[in-house]
Structures are given as structure tokens and as C-alpha cells.
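Below is one structure, written out as C-alpha cells; the observations come after it.
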Amino acid sequence: MIRDDVTKSLSMLTPGSPIIVEVSIPASKKLKFKSVFVGFLPKHFMLIQLPDLNRHAELVGNLNQGVACTVRSIVEKHEGAVVAFVSSIERTITVPAKMIVLNIPQQVAVRPLRKETRIDTQLNIEASVNNSIFKGIMVNLSLEGCLLSVKKEGKVVINKDDTITFAITDKALSDITSIKGTVCNVKSSLTIDYFGVKFEDESYDVIKNLLMKVMFSN
Numbered sequence: 003m004i005r006d007d008v009t010k011s012l013s014m015l016t017p018g019s020p021i022i023v024e025v026s027i028p029a030s031k032k033l034k035f036k037s038v039f040v041g042f043l044p045k046h047f048m049l050i051q052l053p054d055l056n057r058h059a060e061l062v063g064n065l066n067q068g069v070a071c072t073v074r075s076i077v078e079k080h081e082g083a084v085v086a087f088v089s090s091i092e093r094t095i096t097v098p099a100k101m102i103v104l105n106i107p108q109q110v111a112v113r114p115l116r117k118e119t120r121i122d123t124q125l126n127i128e129a130s131v132n133n134s135i136f137k138g139i140m141v142n143l144s145l146e147g148c149l150l151s152v153k154k155e156g157k158v159v160i161n162k163d164d165t166i167t168f169a170i171t172d173k174a175l176s177d178i179t180s181i182k183g184t185v186c187n188v189k190s191s192l193t194i195d196y197f198g199v200k201f202e203d204e205s206y207d208v209i210k211n212l213l214m215k216v217m218f219s220n
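Throughout the sequence shown, residue numbering follows the working numbering, covering 3 to 220 in sequence.
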């Protein structure tokens, strides 16, 4: 039954799904990197993409047989869920492509990620709305939307139903370049304006990638 449950849970990961891998190496050190889930053969092994070792020099010599690793991903089924499991490296291969062969885990944790679940972020953003460009903070984030804050000194006029496009300017998240949404509510304090934003469907993959980084890469 346990093996069947593991197979069912792993089936939630589709080929091409982005994953975050955390490798445990000697001296109690852990290394994290982004990868892609390739596929798995039930009860035998799974395959993930081998990262570019030129960009991850710290991984050289550490992806050896028996090394423990934790794999996490956000999947779309059940309105979004976090899938996580602990495995170990069986080997690395170069044919037909550079990949890491992992052993099938003993168990897989699946935690629903409800659309309304908010993750605190405090990320720097640069946004465009009504032909105005301004900087602000992403206060929190969910699969469906986020809360942005902007200092009033910028004198930016934003109204409900305005279309907004923004990018994350934090260096570690510089690849998050275009998120689109609609302003769904506006609130103000003495010095700061707050804008609730509902994401456009076309930004779903970008948001999923951002959520993975925020939740797993710290």
C-alpha cells in the first residue's frame, strides 16, 4: 500500500515540472539548486535534470551515490499542492542527456496549497500602470494574487480595475521579469498606499516559479 501511495503521489509531478533540490553533504552542509523533473519508473528509479556544474561549482564532487537529497515542487493538481520527499542519488548519467538518477523515496508528503494561502515576501518590485513607472514592495503572495505597497511620495495614481505589470528587482529573483494582474482593491495609510492585485492567467507559470523560490530557496 505504501509503495502504491508513493507512486500515486509521484505521478502528480509531470515531466518538465520545475523542482528545488537540496543536497546534504558532509560537515552538515546543504546545497540547493533548481532542476527539472524528467520522469520515473515506479518502484525502480526517477530522473531529474543535472544542473550546469559550471554555474554550480560547489556541486562538483558532491553528487555521489548515496548522497541524500530533498526534492520539493509545486504541482497544479488539487488547486495547487506542495510535493516533497527525501531520496538518495543512485548515479549521474550523460546519455541520452545529463541527468541524476534518484532512488524511489519511501514516502512522499503532499500538502495542499490553497489559492488564498498568503506567503509573506517583502520583495522589491518595479511596476508600470497607467503609463507611470514606480517602485514598491510585494508584501505577500499567493497563487491568485499579491499585496503591493507604495510610498505616497511617489504620487502614483492607481485605481481599482487598473491593469498592472511588474517585475521583481531583488538580485536573487531577477529572472522574474513580467507579472501581469488587475488591481482589485486600494487601501491607504498616512504614508503608504496598498494595492491588492489579482494575477492574469498568463502569469501562472511565473507565479508558481516565484512561489517555489520564496518557499524553498531561503
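No residue lacks a Cβ here, since even glycine has one placed at the ideal position from N, Cα and C.
**Prompt:** Which residues does DSSP pair with proline 20 in a beta bridge?
**Reply:** Val38
**Prompt:** Taking the alpha-carbon positions, what's the asparagine 187 to lysine 100 distance?
**Reply:** 47 Å
**Message:** Is the separation between the beta-carbon of valine 158 and that of isoleucine 194 shorter than 8 Å?
**Reply:** no
**Asked** Near lysine 162, which residues of its chain fall below 7 Å by C-beta distance, leaving aside the five closest residues on each side in sequence?
**Response** Val185, Cys186, Asn187 and Val188.
**8 Å contact criterion, which alanine 86 and proline 114 should meet: CB distance rounded** = Contact doesn't hold; Cβ gap of about 13 Å is too wide.
**Request:** Would you mind listing the beta strand (DSSP E) stretches within the stretch 132-166 that are 3+ residues and don't spill past its ends, in chain order?
**Result:** 134-143 and 147-153
**Request:** State yes or no: is the C-beta of isoleucine 27 within less than 8 Å of the C-beta of valine 69?
**Result:** yes
**Request:** Within the same chain, show all residues whose beta-carbon is closer than 8 Å to that of isoleucine 50, passing over the 5 residues directly before and after it, in chain order.
**Result:** Taken in chain order, the residues that qualify are Ile21, Val23, Ser37, Val38, Phe39, Val40, Val73, Met101, Ile102 and Leu104.
**Request:** Could you say which of Cys71, Glu78 and Pro98 lies nearest to serine 89 if we only look at CA atoms?
**Result:** Cys71
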